[in-house]
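What the sequence shown shows, in the numbering used here, is residues 1 to 311, in sequence order.
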Amino acid sequence: MNIKQESRLSMFLAVKDYLAQHETIVSALPNYPAYLSAFQAAISTIKTYSEQQMFSKAALKSDKAKLKTELILIAADVSRKLHAYAKFAGNQLLINETRFTESDLRKSGDNVLNDETQGIYDRAQTNLPSLFGYGINEASQEKFRQAIYDFVCAIPKPRLGTAARKQETVRLGNAFTTASEALNNIETLIEVIRSSEPGFFSGFKTVNKLIINAGRSICMRGVVTDSATLEPVKGATVMITPNGNGDIVNGNRKMSEIAKRTADKGGFHVRTLPAGTYRVSIKKPGYASQETSVAIAVGELSVLKIKLSKN
């Protein structure tokens, strides 16, 4: 959820509690039970989709990265042993087909890596009786086969996670619309008892007021990961500078830039920034520096996902 949606949900929950506390006043109003039921159901839906939205695809990517690393280590080990066998057997074709280092495999895309590792597995399987002395046997081949299978199954998961989150965002928006429509109907009904229940009406107007909680929220959130392993990069320096070389107004201070450092899980955040476009540069010893631009809008959370490559 963005900042405005978080604030709207807080308002919805306050209204729901207030109505529950004064049920005897409002329960007899025409169609009130139906409108209240729709309002409560929409709030439950909002909370459900909000929780689902919090599950980052980073978890899916991290799982795939782990499986990929395990597969590469196994494939590189089998390739080395196959290469030694082929050299001593004088099999030039097999020598050429098994020249895969760990570094080579790490550079391959997911689908190419699948083809390469499957090829290594197939050649080991074909020559299996001659490879026992090289540490390749039925058990090691079964472990290799399972590693290939697990990785292939994991390849589409991050994309599926992204598609699912987009659907959840749409459904979340629809749930907010449903809740607002139900609340509008309740507001109309409560106008009926404005004169007879002035104290209740005044309290309802107070809780039914949208307050953007920008002071407690954040306007920019980012995470920095290693492009190869997708592990978080701790201690990276993040510099945020306004485009156009202007100053950042932060309270009573003016600054030409803001510096942040990533935490243990690679994350950083900025609580307040004036609306505008900013240049964000990320540096970490041992990694190539990276720079990007981000737009900040009032009431919106901007999310950055940065991948750094090692030098």
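Where is the CB? At the ideal position from N, CA and C, for every residue including glycine.
Query: As a quick exercise: from M220, R123 and V78, pick the residue whose alpha carbon is nearest that of K260.; Result: M220
Query: Could you tell me the distance, in whole angstroms, from the CA atom of A95 to the CA atom of A86?; Result: The amino acid occupying residue 95 in the given sequence is Ile; Ala does not appear at that position. Straight-line Cα distance between these residues: approximately 5 Å.
Query: I'd like the list of long-range same chain contacts for A58, defined as Cβ closer than 6 Å, with 5 residues on each side in sequence excluded.; Result: Legend: pLDDT at A58 = 48, less than 50; position of this residue unreliable, no value from coordinates given.
Query: At what residues does the beta strand (DSSP E) containing L304 begin and finish?; Result: S302 to L308
Query: Quick one: which unbroken alpha helix (DSSP H) runs of 4-plus residues sit fully inside the segment 7–66? Chain order, please.; Result: 23–26 and 32–53
Query: Between which two residues does the beta strand (DSSP E) holding A295 run?; Result: Q290 to I296
Query: To the nearest angstrom, report how far apart K209 and D264 are at their CA atoms.; Result: 38 Å
Query: With hydrogens ignored, establish whether the beta-carbon of Y85 is closer than 7 Å to any heavy atom of the ligand NAD.; Result: The ligand NAD is not part of the structure shown, which contains no ligands of any sort.
Query: Terminal residues of the continuous alpha helix (DSSP H) containing Y278?; Result: From DSSP, Y278 is part of no alpha helix (DSSP H) but of the beta strand (DSSP E) over G276 to K283.
Query: Roughly how many whole angstroms lie between the Cα atoms of K166 and I190?; Result: 36 Å
Query: What's the call for V170, buried or exposed, on a 16-neighbour Cβ count within 10 Å?; Result: exposed
Query: So, at 6 Å on beta carbons, what are the nonlocal neighbours of H83 in its own chain, with the 5 sequence-adjacent residues on each side left out?; Result: T98
Query: Along the chain, where does the alpha helix (DSSP H) that runs through R99 open and close?; Result: It is not in any alpha helix (DSSP H) - R99 carries neither H nor E in the DSSP assignment.
Query: If you compare alpha carbons, which of L273, G109, D63 and F144 is closest to D77?; Result: F144
Query: Is the CB-CB distance between Y278 and V303 below 8 Å?; Result: no
Query: Return the chain-ordered list of same chain residues with a C-beta closer than 6 Å to the C-beta of S281, the five sequence neighbours on each side being excluded.; Result: M239 and E291
Query: Out of A20, A41 and S27, state which residue places its alpha-carbon closest to the alpha-carbon of A175.; Result: A41
Query: Pull up the DSSP beta-bridge partners for P242, would you.; Result: Y278
Query: With C-beta atoms as the reference, is V207 less than 8 Å away from Y18?; Result: yes
Query: Mark P30 as exposed unless 16 or more other C-beta atoms lie within 10 angstroms of its C-beta, in which case mark it buried.; Result: exposed
Query: Spatial neighbours of D110 within its chain, please: C-beta separation below 7 Å, excluding the five flanking residues on both sides.; Result: I155
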